[in-house]
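Here's the structure we're looking at; comments come further down.
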Amino acid sequence: MAMEHAVVLGAGVSGLCAARGLAGHARRITIVERDVLDDSGGHRGPALPRRGVPQGRHVHALLGTGSMALERLFPGLAEELVRAGAVRSQLLSQARYVLGGAPLARGETGVVALQATRPLLESVLRRRVRALDNVDFLDGHDVLGPVFQDGRVTGARVQPRTDGPAGAPGGAEPGTERAGQESGAGGAGEPVTLSASLVVDATGRAGRSSTWLAAAGFTPPEEERTRIDVGYATRFLRLPEGALDGDRTVLSGSVPGRPGRGCGLFLQEEGRWILTVAGMAGDHPSTDEPGFAAFADSVLPADVAAVVRAAEPLSEPVLHRFPYSVWRRFERLERLPDGLLAIGDAVCSFNPVYGQGMTVAALEAEALESCLRSGLPGLPRRYFARAARAVAPAWELARAADLAVPEVPGRRPPLSGVTGRYLDRVLTAAHRDPGLAALYVRVVSMLTPRSRLVHPRVLRRVLRAGRGVRG
């Protein structure tokens, strides 16, 4: 039986995916968003970054697994994004990977990346979600928190912002009741209680569910953190047609002598290129022209750096800092209230350098849809267990890469040195072996398990390549 009303807190990618997962299991869904939403992007010109998504100005990537999960949630999404201006890039044939100071061997991976700005992706996803008959958006509203009653969540309290749209939902709306005046987080209107059978926290990395649980007398989830201190700076460029010989993507990382530095150069909508340069452990790029250019020169291949220096700047560099990645272990809690879930960065906020966040959010939305088929009783425990299985492979990949940077603090696993040296040999072999290069790209795209890198056949190829180097 479908629930009467579900509320999703946040209209970012994770919230939109959650709404899609809920759509077949709720008569009504309300998506609450603090920003006033602008859907002027897509076919009607470039979409603009939202105030509530400051990282929306930077490179965003959908790994192969993420593209596939989004396509399952929103059939036809890839074609719609391309029509709106997104660019398809065949990894390793149209994308150059420069890792450890040399390019991976070119070849076919079967992996296609969709390259688009975050605002365009959100705009197209919102159009798809708005087209669902049972979904409404309530933008320009702050979230005050869920309503707890008798050990479960029965709704959420929201408040219109001073800069939000005029008016708030009326009391005649089923499942909505007026509440007494309270102070809100920047809102000035009258708080509103949205009654709901299920509330999904998609408000991002601040971890508001943990705070809400503690305030209601529940134990908040323990957190696993990696203090990475990433800083990344981005600008848009116009490159001459064909300047990169057909490449649509350049990714560079594990720079010799500076393993915490990396960059991504992507062709996006309207023929613009976006360049993001990043450094970990406090080694941040500057946003002044000489500093940004010097940092880019230190991570880009020489021929690409020359093209970038000659390119037409379309924006000033913008810097974003990211102090730590965090995984909130909801699945380990002994006591969970019915009626409250979390998704996306509210569960796990990844190092943005690896582009895993949107992919995992889409996988969590699929897990939510699957768990809802068994009904609401026991849903939080089933869902968080499934969400943890979606998070774990990405977290392990990211943490291993983070801890390979000597300046990143944290306890290294006992065999991390051996593992790191072996992965260095895999990369060295992949510089010449297209098959190993394709396998590596499929692993980091979360299409192939990391364990495949130590399959006996792969081990033999890596060892043969090592003997060839010594010879």
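Residue numbering for the sequence shown follows our numbering, starting at 10 and increasing by one per position. For glycine and all other residues, C-beta sits at the position ideal for the given N, C-alpha and C. Computed from a predicted model, the values in this text were never measured in an experiment.
For Tyr106, the uninterrupted beta strand (DSSP E) run begins and ends at 104 to 108, by DSSP. In this structure, Val133 lies near Glu89, with their beta-carbon atoms less than 8 angstroms apart.
Assignment of Ala122 by DSSP, reduced to helix, strand and coil, places it in the strand class. Cβ contact annotation for Ala376 (same chain, cutoff 7 angstroms, sequence separation greater than five): Tyr392, Arg395, Ala396, Ala399, in chain order. For the stretch 275 to 341, the continuous alpha helix (DSSP H) assignments of 4+ residues that do not extend past its boundaries occur at 298 to 308, 311 to 319, in sequence order.
In this structure, the beta-carbon distance from Ser383 to Leu309 does not fall below 8 angstroms.
Across the structure, Leu350 and Leu424 are spaced so that their CA atoms are roughly 36 angstroms apart. Taking all protein chains in view, the Cβ of Gln277 is crowded by 16 or more other Cβ atoms within 10 Å, so the residue is classified as buried. Inter-residue distance for Glu80 and Asp142 is about 20 angstroms (C-alpha atoms, whole angstroms). Looking from the CA of Arg43, the closest CA among His150, Leu445, Glu340 belongs to His150.
Assignment of Leu445 by DSSP, reduced to helix, strand and coil, places it in the helix class. Out of Ser23, Ala122, Ala111, the CA that lies nearest to the CA of Met455 is found in Ala122. Its chain contains Ile38, Leu141, Asn143, Val144 as the residues whose beta carbon lies nearer than 7 angstroms to that of Ala32, once the 5 sequence neighbours on both sides are disregarded; these appear in chain order. Phe339 and Leu406 have their C-alpha atoms some 20 angstroms from each other. At the C-beta level, Val22 and Met367 come within 8 angstroms of one another. Of the residues Leu18, Arg244, Gly266, Ala224, the one whose Cα lies closest to the Cα of Val167 is Leu18. Selection Val107, Arg459, Arg139, Ser358 evaluated against Gly271 yields Val107 as nearest (Cα-Cα).
DSSP places Ala252 outside both helix and strand once states are collapsed to three, so it counts as coil. For a cut-off of 8 angstroms, the C-beta gap from Ala371 to Gly216 is around 21 angstroms, too long to register as a contact.
Linking Thr296 to Pro332 through their CA atoms gives a straight-line distance of about 18 angstroms. Arg135 and Arg341 have their C-alpha atoms some 33 angstroms from each other.
When only Cα atoms are considered, Tyr449 and Leu253 end up about 23 angstroms apart. Where Pro389 is concerned, the enclosing alpha helix (DSSP H) starts and stops at 388 to 412. Distance between Gly251 and Gln99, taken at the CA atoms: about 16 angstroms. For Arg421, the CB contacts under 7 angstroms within the same chain, skipping 5 residues up- and downstream, are Leu412 in chain order.
Only residues of its own chain outside the window of five on either side were considered, and among them Phe359, Ala403 have a CB closer than 6 angstroms to the CB of Gln365, listed in chain order. Residue Val327 holds the alpha-carbon nearest to the alpha-carbon of Ala242 among Cys357, His34, Val327. Put simply, the stretch 217 to 237 does not touch the stretch 292 to 306. Fewer than three CB pairs are less than 8 angstroms apart. The alpha-carbon of Leu147 is positioned some 28 angstroms away from that of Gly387. DSSP places Leu432 in the helix class (H, G or I) of the three-state scheme. The three-state secondary structure of Leu31, taken from DSSP, is helix.
For Thr457 against Arg451, the beta-carbon gap comes to about 4 angstroms, under 8 angstroms, which counts as contact. DSSP places Leu25 within a helical segment (H, G or I) once states are collapsed to three.
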